[in-house]
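Worksheet: one structure, shown below.
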Amino acid sequence: MFAHRLQKQQWFFYLLVFTVLLLSVAFTYTDKIEFALKKLFAVRKCKCNRCVSELNESAWFDKRYIPTMYPILTKNSFTLPEASYKWWQRLQSERKPSNYSSIMEELFKLFPGDDKLMDQGPNRCRTCAVIGNSGNLKGSNYGPSIDSNNLVMRMNRAQTTGYEADVGSKTTHHFMYPESAQNLAENVSLVLIPFKVLDIKWLISAFTAGNITRTYIPVMRHIKADKDKVLVYSPHFFKYVYDNWNEHHGRYSSTGMLVIVFALHVCDEVNVYGFGANSLGHWHHYWEKNAGGGAFRKTGVHDGDFEANVTKMLADVGKINLFKGT
Ligand code: C5P
């Protein structure tokens, strides 16, 4: 009788431990469980992420994503909220910044400044590839998969010649700042990421008189790119990425992070390649032997580990497809 009661108490104890464990797992992995259940029961309507937004609902994502944020400065919308302007000015503090409004007016006399990318609707299914510069692309054979996207976004010193099998040959958008600039092929849209007013002045100069040859280091005097396709990344959007997505980790977001969030706002399906530090935590590149270069992981400029977690989380909640490479 006593033994029977003891057994019953033991069972109750095991049940209690099991329930506590189950609840703690459920609390820790709410997003993943929610996504897995939706995936199990939802009907996939089409292959685009946004077409299956029901499937990809995520409280984690919704807390960060502001659908009305527009990533590009346009002729009709370039004024910055004061807080964003001040934040941006502190990034690479210029001693005597030129007047922002007059530079913007000059900018849009030269470049179109329209908003062609913001044409979302229920029937749009724009697939995008965001290509980071990680050495994990080496030997990946991702080329054909990358080139099958409608838009292919590359950045900074990215190369394709000689690396086609791994990184593809198509580029529709190339993101850069003056210090990371390079000439582009025809039909590629240059997207300037400005860190200061001088960067916008440099863009104007690089397409005209070529009077700016230095920022904090020497920069290209002239650049070859399609003038009608030039876009300028919004400093207000830059701050949004840092506030909402980086949550103030690092001093500012990496180019890669800025482009992933850009893609989340203008694409319906986002495929991400070429992200990931090497085993030492260095941001190595696929075109060079720089295993010890770009050690951002432990510097305060970018927080590589935090960004890698954000990217992983975006993949876990089904907002991006992450191709991990070799
Ligand atoms: O080195 P770079 O800044 O030109 O690389 C572009 C972006 O690719 C980085 O900002 C970073 O987000 C990503 N990257 C990465 N892992 C690497 C190299 C680059 O995640 N090993």
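Residue numbers (the working numbering): -17 to 308.
We put the CB at the ideal spot given by N, CA and C, even for glycine.
### Message
Across the region 153 to 173 and the region 206 to 222, are there enough close Cβ pairs to call them in contact, namely three or more that are closer than 8 Å?
### Response
yes
### Task
Mind checking who Cys107 pairs with in its DSSP beta bridge?
DSSP output for Cys107 lists no bridge partner at all.
### Message
Let me check one thing: in DSSP terms, what residues is Asn253 bridge-paired to?
### Response
Ala111, Asn303
### Query
What span of residues does the beta strand (DSSP E) with Arg72 cover, start to end?
First-last for Arg72: 64 to 73, but that is the alpha helix (DSSP H), not the beta strand (DSSP E).
### Query
According to DSSP, is Met202 helix, strand or coil?
coil
### Task
Spatial neighbours of Glu161 within its chain, please: CB distance less than 8 Å, with the 5 preceding and 5 following residues excluded, ordered by chain position.
Thr197, Tyr198, Ile199, Val201
#### Entry: Closest by C-alpha distance to Lys68, when choosing among Tyr82, Asn228, Thr56
Tyr82
### Query
Taking Cβ positions, are Leu240 and Val252 nearer each other than 9 Å?
no
### Message
Taking 7 Å as the limit between beta carbons, can you name the residues of its chain near His218, skipping five residues before and five after?
### Response
Leu62, Pro63, Ser66
### Three-way DSSP call (helix, strand, coil) for Ile175 in this model
coil
### Alpha-carbon to alpha-carbon, Thr190 and Asp181
14 Å
### Anticipated Cβ contact below 8 Å, Gly286 with Asn118, distance rounded
In fact, because the Cβ distance is near 13 Å, the residues do not count as touching under 8 Å.
#### Entry: Three or more C-beta pairs below 8 Å linking the region 145 to 161 and the region 37 to 52
no
### Query
Would you report the Cα separation of Ala167 and Arg72, rounded to the nearest angstrom?
33 Å
### Query
Since Leu92 is in the alpha helix (DSSP H), which residue starts that stretch and which ends it?
82 to 92
### Query
How do the region 99 to 115 and the region 124 to 136 stand: do at least 3 beta-carbon pairs fall below 8 Å, yes or no?
yes
### Message
Between Gln(-8), Ser6, Gly300, Tyr268, which has its C-alpha nearest Arg139's C-alpha?
### Response
Tyr268
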